[in-house]
Structure formats: structure tokens, C-alpha cells
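Using mature numbering (1 follows the signal peptide of the UniProt record, and there is no 0), the letters of the sequence shown correspond one by one to residues -25 to -1, 1 to 270.
Backbone N, C-alpha and C fix where the C-beta goes; we use that ideal spot for every residue, glycine too.
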Amino acid sequence: MNYLKLWIPVTLFFTIIAQIKLATSQIPTTLEGPFKPVTRTFDSSLRRGSDDLPMDHPLLKKNATGNFPEQIALAISSPTSMWVSWITGDAQIGSSVTALDPASVASEVSYGKESGKYTSKRRGDSIVYSQLYPFEGLMNYTSCIIHHVRIDGLEPGTKYYYKCGDSSIPAMSEEHVFETLPSSSPNSYPRRIAVIGDLGLTSNSSTTRDHLIMNDPSLILMIGDLTYANQYRTTGGKGVPCFSCSFPDAPIRETYQPRWDGWGRFMEPLISRVPMMVVEGNHEIEPQVAGITFK
Ligand SMILES: [Fe+2]
């Protein structure tokens, strides 16, 4: 994995489409191919680097109130099932944090094939996690409540409308929509798959995200290095090139978990509609005590 996050997100971003007809508004799909591969001209201005988006940036800051869902995300399970995940409540960061009770808010998804008509409902599970540093001066974190619901019995290649949340509060999300993948066969496969890595959370990242949205993929493969929360304390607007030089008393490399929440909001407009499958990268290695990583 390369550490030059300021320009690599853009160079690594490519959508697997055989051809892009720039002169037309209709982008062909792989089902219309095969086409010769096409490389789009790279916008060289993006190589000049970009600063981390601040936590109060409109794309990162929390807009949900109370126990209303936010950071809604999809992951595929099969052509006939889908994972829906979201967040409720407020994360805490500081020297003293108290974990939320994950059972305090239900995990429900209501869904159906017509907008506004939810013929099915599924329930799931919720968890919280905490990053606790037993060292003076490092900030502890405990997460919002993270909800996961698997909905099944879906038809392949079909559009579904859904809301998620807790109907008893009530605190359900706005309506969202996704399309299941087609059943797998030699002549049936996803129209368009986006492959991306080293995304980060900079102004260049937002350009990349917007390209992803514009290309309307059926599925996103995220091949590692999502938020760079592991080095936010090094780079987050401070331009510190060396963690151990700038934080000589830190007994462990500190990560900044709120970047994950910012990233979840940043990605929601895309991944509440398009399922994303993730592989961990080296920037997901977040050192904890006792040598634990990938916590
Ligand atoms: Fe990387």
C-alpha cells in the first residue's frame, strides 16, 4: 500500500466499464460490450494534494438528531439478500467516555418493491465499540450504536425501497432505494462495478466520490485504506510529517475514531444506494494496547 494519499485516490479510482461515451448522457454497460478499454484523461490539478476535510464540513458533520439513523450503508450478501447498516446516537471522545447501550434502540428495516409500500420487515442486531487508551493524554472513544440488519428473500435484479431505524420511538430514516444484483450466470452479471482504494477524506476524496456517484455502479469494491483515521492526528490540518517527533511522549500511535463517523456520513449518499464490499488496508491497522489491531 502506498502512503501518498493526496493523489493516489484519484489514480486508483477506475470504474470497470469498457467504454465511456463522453458525448452522450447514456453510459453503456458491460452487457452491451465487449468494448475496448478506455482511459479517461487524468485531471492533473488533483495531483497537487488536498487537505483533510474538517469535521464540521457539510459532508462530514452530523445532521441526524435523537435516535434517527445516519451513516446508512449497504453490503451484499447474495443476489437475494442485502445487509443494511446504520448508526444511531452520539459517539464520545475524551479522557472519560461511557459506552451506549446497544439494546436501547431497535434495528429494523421495512422494505418493498413500491415506493412508500413496505410489505416486509426484518430485525437485526446492534453493537458498540470502544477504543480505550490506558495512557495519560490520549483520547478515548466510544462509538455510536451500530445497527446491522440482513434482509433476504429478495428477487435478483430488482429495485427495493426501504427505511431503517426504530419504529417504536418512532425514528425511521427517509426512504432509500437499492437494486439487488442479478442472479449469476454467463449472461447475467452486474452492469458496472467500481473498484476503489486509498480514498481518504480530503477534497480530492470528494471529487472521487462524486465520480463514483456519477457513474452509477451496481457494486463498489473498496480495496483498503478508507478513512486514514490512523494518521489523522499526524496530518489533520497540522502537516506533521512525523508522529513520533511531534508526539514524543505518546506510547502508542493514536488514531482518531471520529473520522470514521465523518467518513460514514460522507459516503452515505452513495453507499445507502449501492452496496460496498470492503477489504482492510494498512491504514485500517489501528494500534491498540497489547499489540491488537483491526479492532
Ligand atoms: Fe494504500
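Span separating the alpha-carbon of residue i from that of residue j
i, j, result
"S118", "V103", "6 angstroms"
"L49", "H186", "19 angstroms"
"L28", "L174", "12 angstroms"
"D76", "I144", "16 angstroms"
"I260", "I171", "18 angstroms"
"I68", "K37", "15 angstroms"
"residue 288", "G266", "Residue 288 cannot be examined here, being either before or after the span of the chain that is shown, -25 to 270."
"S71", "Y108", "11 angstroms"
"D127", "S142", "20 angstroms"
"T177", "L201", "11 angstroms"
"T63", "P3", "38 angstroms"
"V84", "P223", "47 angstroms"
"D26", "K92", "43 angstroms"
"L111", "N205", "Per the sequence presented here, residue 111 reads as Glu, with Leu not at that position. For E111 and N205, the distance between alpha carbons rounds to 19 angstroms."
"V249", "S53", "14 angstroms"
"Y137", "H151", "5 angstroms"
"F153", "A74", "32 angstroms"
"D31", "T5", "39 angstroms"
"T155", "P244", "17 angstroms"
"S82", "C139", "7 angstroms"
"I195", "A169", "5 angstroms"
"S60", "T94", "20 angstroms"
"Y207", "E7", "43 angstroms"
"T55", "L129", "4 angstroms"
"M251", "I51", "7 angstroms"
"Y116", "K11", "49 angstroms"
"I246", "R240", "10 angstroms"
"N179", "W238", "14 angstroms"
"P157", "D191", "16 angstroms"
"residue 286", "P226", "An answer regarding residue 286 cannot be provided, because it is not within the stretch -25 to 270 covered by the chain."
Residue i in three-state terms, based on DSSP
i, result
"A78", "helix"
"K103", "Checking the sequence shown, residue 103 turns out to be Val, not Lys. In the structure shown, V103 sits in coil (DSSP, three-state: anything other than H, G, I, E or B)."
"T5", "helix"
"N257", "helix"
"D236", "helix"
"S19", "helix"
"F241", "helix"
"A204", "helix"
"A169", "strand"
"V264", "helix"
"C217", "coil"
"A146", "strand"
"G112", "coil"
"I227", "coil"
"S160", "strand"
"S90", "coil"
"V13", "coil"
Host alpha helix (DSSP H) of residue i (start-end)
i, result
"I188", "S178 to N190"
Host beta strand (DSSP E) of residue i (start-end)
i, result
"R248", "Counting along the chain, R248 falls outside any beta strand (DSSP E), and DSSP gives it neither H nor E."
"I195", "L194 to M197"
"N115", "N115 to T117"
"F153", "H151 to E154"
"D141", "K134 to D141"
"K96", "S95 to R98"
"V124", "I120 to I126"
Any chain B beta carbon closer than 8 angstroms to residue i
i, result
"M57", "Structure shown: chain B not included; a single protein chain is present."
Rounded distance between the beta-carbons of residue j and residue i, thought under 8 angstroms
i, j, result
"V254", "M197", "7 angstroms"
"H122", "S101", "5 angstroms"
"Y135", "K96", "Actually they do not touch by this definition, with Cβ atoms about 13 angstroms apart."
"N42", "V80", "5 angstroms"
"T182", "L21", "6 angstroms"
"M242", "R166", "Between R166 and M242 the Cβ distance is about 21 angstroms, and since that is not below 8 angstroms, they are no contact."
beta-carbon residue i near ligand 3 non-hydrogen atom, thresh 7 angstroms
i, result
"G199", "Absent from the structure shown: ligand 3. Ligands present: ligand 1."
Exercise. Can you list the beta strand (DSSP E) stretches of 3 or more residues lying completely in the region 21 to 82, in chain order?
Worked result: With a minimum length of 3 residues, the continuous beta strand (DSSP E) runs that stay inside the region 21 to 82 are 45 to 53, 56 to 63 and 67 to 69.
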